[in-house]
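The block underneath contains the structure these notes are about, expressed in structure tokens.
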Amino acid sequence: MGLAPEVLARRSGGKLVGARVLQYINGGPLSFKTYQLIVLIVTFLAYTSYHATRKTTSIVKSVLDPQSADTGLTFFWLRPTNVPESNGLRRVSSKLGEGWSPFNGSDGTSLLGQLDVAFLAVYAFGMYFSGHFGDRCNLRIFLTVGMVGTGLFTSLFGVGYWGNIHNFYYFLVVQMIAGLFQSTGWPSVVAVVGNWFGKSKRGLIMGIWNAHTSVGNIVGSLIGSAMLTYGWGWSFVVPGLITAFIGLVVFLILPVTPESVGADREEDDISFPVKGGEEAAEPLLRQETPVEEKEAVGFLEAWKIPGVAPFALCLFFAKLVAYTFLYWLPFYVSHTAIDGKYLSSGTSGTLSTLFDVGGVLGGILAGHISDRLDARAITAASFMYCAIPALFFYRSYGHVSLLLNGALMFVTGMFVNGPYALITTAVSADLGTHKSLKGNSRALATVTAIIDGTGSIGAAVGPLLTGYISAKSWSAVFTMLMGAALVAGLLLTKLVVAEVTTKIEESRPNRAPESSLIV
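Numbering-wise (my numbering), the sequence shown opens with residue 828 and increments by one.
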């Protein structure tokens, strides 16, 4: 039975208030490309704000727990040299303040690690359900509720400052609820972008668009660091209010599908020039075509799509590395002597943005390279292997000078965030529209949620382990991260071999080229 366009329009939420205002200002209907631009900008801002609220916790850690700078410098072959060790506790505590109970005790780092894992565990758990609901409900409303809820509970964490709250369970519960609301974000924005954009040069487009992750981290670092002067509570409240405001913008203006705003897909000229012999790019989701409506793909069925499991497990270890840096890098920098000096919490937070600047470049490079090679697995695995020496050199020589620390941090961010960005965007979109689905468009949010949800479990494990391991040795933490990067690359071995085999077959004469991203 066919699905009428007007039914699709109702499912997408009807004509948007924001769209009507823009049409009035424009003096007529907006073009398809204008709507595409709106989608890119609004979803970019939405997920930027999500990551800005996540980053603030890492900025405030060194204020809540001004620990000894000597922590974790005692792991044999990776131990930095020329680090002053006497009176470390007195020196750093004086620089950072007396902390905030209950995080300024001897178990402060462990408690902070528990907050991280609570947030990320609920986030990962919620991600699986968010993908399921995302393929079955109005994504604009779903995303709006998630953003407003995220803004509210992020702000409530900061309210603990003015309320003089020192109960650990207050902060724990607030973080858990915030994690649940945050889980609505990623499946929603990927699915919306998928409704509007085709497959051609998907890696490059999504690599650029996925810069919102690193931009959000940078914005969160800068706002969080700047607000510390007025009290650490503001470091949470300001990003929270910004996120809630952008959530309202999403409600007013975000077009989930072309049908929701009456956009004529015939105007869509989004596919880039196509090489001879290639098929024209098709949109990721073709809900505008009045074809028979299919049931949304089930959770277990989505796991069986070729390539989903290995990429999901790879992302588990990739996000373990990335989120350890997200939550602990400013703390690590402020508690490590660089050129014999300790940096303030604000300066450490600002310096840590170089990791995310490198991540922007890494995401774009990974997307572009994977497009040129038509090899997602080879690109992702190569970046993960390159992250291993980058992590080693950052730990071993980052303390030598501020300049060298920043340079090594930038390179590390590029290799760590490159595959993370590639897998969560282009690869998820590829798998969500895999040929095994036989044209079923209602799988993208579910597949995206499975991959990123599995990765988010790793994102929870990394910061948790770091909270415990760093109390004895930061070098042991870096050893763990290098091991995780190695395993992430190895998990893609079968897909890498398949891609290499396909390239060899394509290079042989008198053979028709075969496209085999995922086999």
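C-beta atoms are modelled at their ideal positions from N, C-alpha and C, and glycine is treated no differently.
Asked                                                                                                                       : Found
Range of the contiguous alpha helix (DSSP H) that encloses T861                                                             : 859–891
Best match in H1195, T1320, G1189, Y1154 for proximity to A945 [C-alpha to C-alpha]                                         : Y1154
For K1168, the three-state DSSP class (helix, strand or coil)                                                               : strand
Collapsed DSSP secondary structure at S1010 in the structure displayed                                                      : coil
Cβ neighbour criterion (16 or more within 10 Å) applied to S1334                                                            : exposed
Whole-angstrom distance between T1040 and T875, CA atom to CA atom                                                          : 6 Å
Status (buried if at least 16 other CB within 10 Å, exposed otherwise) for K1146                                            : buried
Through-space distance from G1294 to L1318, alpha-carbon basis                                                              : 26 Å
Cβ-Cβ separation, L1218 to G1225 (assumed contact under 8 Å), whole Å                                                       : Actually they are not in contact, since the Cβ atoms of G1225 and L1218 sit about 10 Å apart, beyond 8 Å.
Where the alpha helix (DSSP H) containing P1216 begins and where it ends                                                    : 1203–1224
Element boundaries [alpha helix (DSSP H), containing Y1159]                                                                 : 1135–1161
Distance between P1133 and S1171 (C-alpha atoms, nearest Å)                                                                 : 48 Å
H1039, DSSP secondary structure in three states                                                                             : helix
Alpha-carbon spacing of V1019 relative to G1280, whole angstroms                                                            : 18 Å
Three or more C-beta pairs below 8 Å linking the stretch 967–983 and the stretch 870–884                                    : yes
Segment contact flag, the stretch 1299–1313 with the stretch 963–971, C-beta cutoff 8 Å, min 3 pairs                        : no
Whole-angstrom distance between F871 and T880, CA atom to CA atom                                                           : 15 Å
CB of L1249 within 8 Å of CB of G1194, strictly                                                                             : yes
DSSP three-state assignment for W989, whether helix, strand or coil                                                         : helix
Nearest to G800 (by Cα), restricted to the options V1327, P1014, L947, V1238                                                : Since the displayed the chain opens at 828 and closes at 1346, residue 800 lies outside it and no answer follows.
CB contact flag (T1011, V972, <8 Å)                                                                                         : yes
Segment contact, 8 Å Cβ cut-off, at least three pairs: the stretch 997–1007 with the stretch 939–955                        : yes
For L1049 and T1177, the rounded distance between their alpha carbons                                                       : 6 Å
Chain-order list of residues whose beta-carbon lies under 6 Å from that of I1296 (same chain, five-residue window excluded) : A1303, V1304
As assigned by DSSP and simplified to three states, the class of R1199                                                      : helix
Contact test: L1218 Cβ vs the ligand ATP heavy atom, cutoff 7 Å                                                             : The ligand ATP is not part of this structure, which contains no ligands at all.
First and last residue of the uninterrupted alpha helix (DSSP H) at R847                                                    : 844–853
Nearest-angstrom beta carbon gap, A1315 and F1144 [assumed within contact, 8 Å]                                             : 4 Å
Chain-order list of residues whose beta-carbon lies under 8 Å from that of A1136 (same chain, five-residue window excluded) : W1130
S858 to A1090 span [Cα, whole Å]                                                                                            : 7 Å
Assumed close pair E1326, A1202 - CB separation to whole angstroms, cut-off 8 Å                                             : 4 Å
I1073, enclosing alpha helix (DSSP H) - first and last residue                                                              : 1061–1080
Straight-line gap, P1246 to Y996 (C-alpha atoms, nearest Å)                                                                 : 35 Å
Distance between A1149 and A1276 (C-alpha atoms, nearest Å)                                                                 : 18 Å
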